[in-house]
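Chemist: Below is one structure. I have some questions about it.
There are 2 protein chains.
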Amino acid sequence: MSKLLREHFEKITALTDQEFDYILSHFTTKKLKKHQFLVQAGDQVKYDYFVVKGLLKASFTNNDGKEHILQFAMEDWWVSDFQAYFNQTEAILDIDCIEAVEVLCLSLTNREKLCSEMHKIEHFFRRKSNFGYIALQSRILSLLNSSAKERYEELLQRSPILFQRVPKTLIASYLGVSRETLSRLSS
Amino acid sequence: MSKLLREHFEKITALTDQEFDYILSHFTTKKLKKHQFLVQAGDQVKYDYFVVKGLLKASFTNNDGKEHILQFAMEDWWVSDFQAYFNQTEAILDIDCIEAVEVLCLSLTNREKLCSEMHKIEHFFRRKSNFGYIALQSRILSLLNSSAKERYEELLQRSPILFQRVPKTLIASYLGVSRETLSRLSS
DNA sequence: AAATTTTTGTGATGTAGATCACGTTAGGAA
DNA sequence: TTCCTAACGTGATCTACATCACAAAAATTT
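In the order they appear, the protein sequences are chains V and G. Straight run, no breaks: the first sequence in this note's numbering ends on number 205. Straight run, no breaks: the second sequence in this note's numbering ends on number 205.
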């Protein structure tokens, strides 16, 4: 189960066995069933979560009760309410399990500890963050520039797996389209 | 002129004079007039730019000739086509000057050199990138959740300075609204 | 297998915002 | 000043997509 995490780190930086064991000792483990919440709006957000198994969504629900999905997370991805996590403020997002889930939990304290003790870990997280930034930029561009249909097709091409694991309603909410419109687009 | 850069670094990490001088030696300087391009779509992107003076926009122009502004950058901000810069691919963005501009230029090589030589610089860039990620997430949320009018008002509240320095047409393009609609909203 | 809940499709209608088309005003340049 | 271009406002019309409403199918639970 920790193998996935090690491989994940080693995509960016090589680690000795001791180094990895040391890193791993800063994580805790958590298992959740389908429909359970990892974070709920209003919570304190103590952890960043590395997904070992399963599938989650991070979403914002507005006053009218409308839900917008900010991120899906599956194996090999990190998920949290980053705003709340990094700034130690109240969560504005809900993060809940679309499938049964296993995650590795990294507290902000442990993250900063690892980053300051091990330069290569700071390097790792810098690179991760850079990639994340680029991905979000391209999502913004897609929201500004593309029609609902184009966004649908882009996503289908980029993450076809998602369409097998997630109901269309949620895909719609991620794309910023109504469920009905999405249904018409895909037929 | 380099004072701004030093202050910028020191918001996150303290530096000795020698450290800062060393850092600064990895930057070059560039001045541009209004309407000049720092980056054009198709270019190789050699630098990340720290804005010392002036105002720029980074935008994407689609096949129909429609321009979407991804980012404004003014004093104390960084701007580049990050996708192209980090991945060493062709620029897809145009970056051009809305006002006369002075920037400090950091090549990818020098950036990585500084990051690997000085742990505190790697730390600095990790934190910058984290903040950037959070800011983009909240922009995505605003695009998914808010109406044109709400987005307009959020921006007006968050960056009122922008409205004094940038024509409404460009604000509209940043918000993802037509010029005409924005005009009707603000009256 | 029956009951319940979730997911999906599809018609009818409504609306925010786009697009087109002008005219006016304001800034820069010669 | 005069010329020229960029910025801004505003009406008329159009359209992509939302919303409402209902039904069928699929998945989950008992």
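Glycine included, C-beta positions come from ideal geometry on N, C-alpha and C. Nothing here was measured: the structure is a model prediction, and the numbers come from that model.
(1) Looking at the structure shown, is T127(V) part of a helix, part of a strand, or coil, going by DSSP?
(2) Measuring alpha carbon to alpha carbon, tell me which residue in L22(V), V119(V), S98(V) is nearest I110(V).
(3) Run down chain V in chain order and give the residues with a C-beta less than 8 Å from the C-beta of Q101(G).
(4) My assumption, with CB atoms under 8 Å, is that L42(G) sits in contact with S20(G). Please give the rounded CB distance.
(5) Buried or exposed: which applies to R176(G), given that a residue is buried once 16 or more other Cβ atoms fall within 10 Å of its Cβ?
(6) When the cut-off is 7 Å and only beta carbons count, does H86(G) lie next to chain V?
(7) When you compare only the Cα positions, how much space is there between N80(G) and L173(G)?
(8) Quick check: the Cα distance between P185(V) and T199(G), rounded to an integer number of angstroms?
(9) Short check: CB of F90(V) to CB of K71(V), under 7 Å?
(10) Against F68(V), what residues of chain G qualify as contacts under a CB-to-CB distance less than 8 Å, listed in chain order?
(11) Take every Cβ of the region 132–152 of chain V, pair it with every Cβ of the region 22–39 of chain V, and state whether three or more of those distances are shorter than 8 Å.
(12) Using a Cβ cut-off of 7 Å (strictly closer), state whether N81(G) contacts chain V.
(13) Do you know how far the Cα of E171(G) is from the Cα of E171(V)?
(14) Does chain V have any CB closer than 7 Å to the CB of L159(G)?
(15) The region 139–151 of chain G: which residues have C-beta closer than 7 Å to a C-beta of chain V, in chain order?
(16) Whose C-beta lies closer than 6 Å to the C-beta of K138(G) among residues of the same chain, with five residues either side of it excluded?
(17) Is E93(V) closer than 7 Å to V119(V) when the C-beta atoms are compared?
Modeler: According to the data block:
(1) helix
(2) S98(V)
(3) Correct list: I152, Q155, S156.
(4) 5 Å
(5) Around the beta carbon of R176(G), fewer than 16 other beta carbons lie within 10 angstroms, which makes this residue exposed.
(6) yes
(7) So the two alpha carbons sit approximately 24 Å from each other.
(8) 35 Å
(9) Contact flag unset, no.
(10) Here the premise fails: no neighbours, minimum Cβ distance about 16 Å.
(11) yes
(12) no
(13) Whole-angstrom Cα-Cα distance: 32 Å.
(14) yes
(15) E140, H141, F143, R144, S147, N148, G150, Y151
(16) T31
(17) no
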